[in-house]
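Read through the structure below, which is laid out as structure tokens, and then see the notes.
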DNA sequence: TATGAATGAGCTTTCATTCAT
DNA sequence: TATGAATGAAAGCTCATTCAT
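Chains as they are written, first to last, in UniProt numbering: chain A, 1 to 192; chain B, 1 to 192; chain C, 1 to 192; chain D, 1 to 192.
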């Protein structure tokens, strides 16, 4: 693996777990077994490294998510929704996804990161909104915009609490209640 | 106002908005019109300042929250739940509460803060859990533990999204749908 | 002496002899027996240190020059000119003046220094022009502007060559020929 | 053009305008559209590049100057002097010459450059001294050594002031007064 | 010949902390 | 109580130079 990839890999890990400010270039070098010069050879500065890390992380997450979106054709709106939520909750257990939740949280509260990634973040939020709205559009009792905002926010909240509590967090049970809640709200029957 | 209070006041603001790491003692001094020596006279070091800031912030938030808890006696479980959620959503608009959400988010992401405040955070989470469980205990179809975790997480998520998006975030509509969702899940009638 | 003065003193010496870019803050600290932190406590950054150094140097040079200007009243224009040139040449041997010539040369060729000191440099050039023009104004055959420019440039050139060659540079003889040259040009009798 | 020539060309420009220290190898590569490896293939290190640049620059300047020296035979000492000064002043407007004045100034100020080029500089100064002394030898009232030093220094000074002030610097008028000054000093009639 | 990845020393600057006053 | 001078470690970054290809 090229040193550039090593650096990005390590940076993802450290930015997500310790935050951008607290992660020194030196720390990245130490973990990636690379010299400081190498980092600045491949990335103009720390901010550019951050941007490349963000993009790389988005790609990884997209790969994970593409698996679901694939074969939902022909399903009813209800089934699509269940499918999507099911997938989201299940993927929360994946290390890549957990890292990405932590990473996004860092972005949210560190002004430096927000400033650097502003454009990229907005793009991603719009994408998520669109993906929920596409499904909700076919459900008469849904409020496309509001429910999408709500879904995103709640999933965020659960993911964050799960990632940071992890041990004995009743994720599976929450998932069931969460899905049922939405089915009821949207006028469907509960499942299970 | 004593210099110590000035320092804490400024520190709350800066820790919440910029994060603990990014907030230098110098910055605090500048904003509080106080000398560096004064800070280290009143607080052993930066970490102790952080702890005092956390405690001070908790007190402020408790004052806000006590107003509701006060007169819920004699109400039905359903009414209590609606009351509580209503209060939580409404208080999200208060500057003090927004600051506290930002502050807690900072704690979550920044390992330094977490390490310093670990004990205090756990206490607060337990308190919130207890407060929800007390209400849910009287509702047969509720799953006390799971639903409490879920409620806390979702409210967290919504608060965070609201605080950082603020402009044109449909908080009021989300609140309505959110409450109805829970009423349906717990076997009550929708309201409004 | 305060540490701030020590720093400025050392910085003058090093900026003049080695140049601004080549003079590291570390080097200044080492020579001034001061910590790096002390430098940045007293000066916002290296550029501000440069500006303060320039101003301090200008003050020193002004003190030297004030001695002459003092008692020229009542003298003829010719005598005033001779006096001034005499003083300038004599002061070239002073360590302070040599340092200032070197310093000004550094400013001239280092774009960073020029940029930082632009305003201060222009002020000083205007002052020198004025001081020569005041004397030449009373000499009919002089061309105030042109001769002032020429005088400044030539003195610069001689000072530079003297400072950097020093050993066995015939400064005294040059002074005599230099003054006579100007007396002849301006229509006076040679002296000596 | 060979890559080596490209590098030298760019290095002249950058060393003269920005100084040796401030000019990084990377900058040279960028301007010359050449890789870093190429520079170190053609030149052992940065100092050797400097020496080759100096030599190349000297050749360019010599070509310019040879044009005059060529056909001065048979002229009187006075005419030779006027010729030489005339040529020097006129050539100040040439871009090559201006670059060379800046370059020489850089050498003077930057100890690194001086150290590397010491021998080459002394050679050039001796050459200039000789060229003036040859002419002055035939003028009884001249002081060969002293006047040569003075001429060199003054021309230096004027060139420097001209190059760095450029806009609206009265070079033409200075030239006239300068030549007349020397004619008077050496016992000749003024011209024009 | 030529490339560019990689290194490590050194640069300016920030920062929590100490201490004499 | 309060000041601010002083420290030294560590941060982000630049740069000449080396080397495998």
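Note that CB positions come from ideal geometry on N, CA and C, so glycine has one too.
Where residue i falls, given that 16 or more other Cβ within 10 Å makes a residue buried
{"i": "residue 150 of chain A", "result": "buried"}
{"i": "residue 110 of chain B", "result": "buried"}
{"i": "residue 72 of chain D", "result": "exposed"}
{"i": "residue 157 of chain C", "result": "buried"}
{"i": "residue 162 of chain A", "result": "buried"}
{"i": "residue 49 of chain C", "result": "buried"}
{"i": "residue 197 of chain A", "result": "With chain A running from 1 to 192 in the structure shown, residue 197 of chain A is simply not present."}
CB of residue i within 8 angstroms of CB of residue j, strictly
{"i": "residue 160 of chain B", "j": "residue 105 of chain B", "result": "yes"}
{"i": "residue 152 of chain D", "j": "residue 96 of chain D", "result": "no"}
{"i": "residue 10 of chain B", "j": "residue 32 of chain B", "result": "yes"}
{"i": "residue 192 of chain C", "j": "residue 183 of chain C", "result": "no"}
{"i": "residue 7 of chain D", "j": "residue 34 of chain D", "result": "yes"}
{"i": "residue 22 of chain A", "j": "residue 112 of chain B", "result": "yes"}
{"i": "residue 52 of chain D", "j": "residue 43 of chain D", "result": "yes"}
{"i": "residue 88 of chain B", "j": "residue 107 of chain B", "result": "no"}
{"i": "residue 141 of chain C", "j": "residue 187 of chain C", "result": "yes"}
{"i": "residue 181 of chain C", "j": "residue 181 of chain D", "result": "yes"}
{"i": "residue 143 of chain D", "j": "residue 177 of chain C", "result": "yes"}
{"i": "residue 14 of chain D", "j": "residue 27 of chain D", "result": "yes"}
Residue from the options with nearest C-alpha to residue i
{"i": "residue 155 of chain A", "options": "A:114, A:175, A:166", "result": "A:175"}
{"i": "residue 56 of chain D", "options": "D:16, D:40, D:92, D:85", "result": "D:16"}
{"i": "residue 132 of chain A", "options": "A:101, A:102, A:171, A:80", "result": "A:80"}
{"i": "residue 86 of chain D", "options": "D:65, D:168, D:166, D:120", "result": "D:65"}
{"i": "residue 101 of chain C", "options": "C:187, C:19, C:2", "result": "C:19"}
{"i": "residue 54 of chain C", "options": "C:103, C:26, C:165", "result": "C:103"}
{"i": "residue 137 of chain B", "options": "B:123, B:93, B:44, B:76", "result": "B:76"}
{"i": "residue 146 of chain B", "options": "B:185, B:123, B:171", "result": "B:185"}
{"i": "residue 135 of chain B", "options": "B:2, B:78, B:90", "result": "B:78"}
{"i": "residue 123 of chain B", "options": "B:47, B:58, B:5", "result": "B:58"}
{"i": "residue 201 of chain B", "options": "B:165, B:128, B:179, B:25", "result": "Given a span of 1 to 192 for chain B in the structure shown, any question on residue 201 of chain B remains unanswerable."}
{"i": "residue 47 of chain D", "options": "D:173, D:63, D:130, D:115", "result": "D:115"}
{"i": "residue 202 of chain A", "options": "A:130, A:36, A:90", "result": "This structure cannot settle anything about residue 202 of chain A, because the visible part of chain A is limited to 1 through 192."}
{"i": "residue 45 of chain A", "options": "A:94, A:173, A:25", "result": "A:25"}
{"i": "residue 128 of chain D", "options": "D:171, D:92, D:84, D:93", "result": "D:84"}
{"i": "residue 82 of chain C", "options": "C:139, C:36, C:169", "result": "C:139"}
{"i": "residue 171 of chain D", "options": "D:130, D:125, D:92, D:126", "result": "D:92"}
Using a Cβ-Cβ cut-off of less than 8 angstroms, give me the residues of the segment 111-126 of chain D that come near chain C, in sequence order. Taking a C-beta cut-off of 8 angstroms against chain C, the contacting residues of the segment 111-126 of chain D are 111, 112, listed in chain order.
Taking beta-carbon pairs under 8 angstroms, can you tell me which members of the segment 125-149 of chain D lie near chain C? Contacts with chain C (Cβ-Cβ distance below 8 angstroms) from the segment 125-149 of chain D involve 143, 145, 146, 147, 149, listed in chain order.
Short of 7 angstroms Cβ to Cβ, which residues in the UniProt domain "HTH tetR-type" (1-61) of chain D face chain C? Residues passing the 7 angstroms Cβ filter: 18, 19, 21, 22.
Name the residues in the segment 174-189 of chain D whose C-beta lies less than 8 angstroms from a C-beta of chain C; which are they? From the segment 174-189 of chain D, only 174, 177, 178, 180, 181, 182, 184, 185 have a Cβ closer than 8 angstroms to chain C.
Chain B contacts made by the segment 153-167 of chain A, where a contact means CB separation under 9 angstroms: Of all residues in the segment 153-167 of chain A, those with a C-beta nearer than 9 angstroms to a C-beta of chain B are 153, 154, 155, 156, 157, 158, 159, 160, 161, 162, 164, 165, reading in chain order.
Members of the segment 81-102 of chain D that neighbour chain C once the beta carbon cut-off is set at 8 angstroms: Of all residues in the segment 81-102 of chain D, 102 have a Cβ within less than 8 angstroms of some Cβ in chain C.
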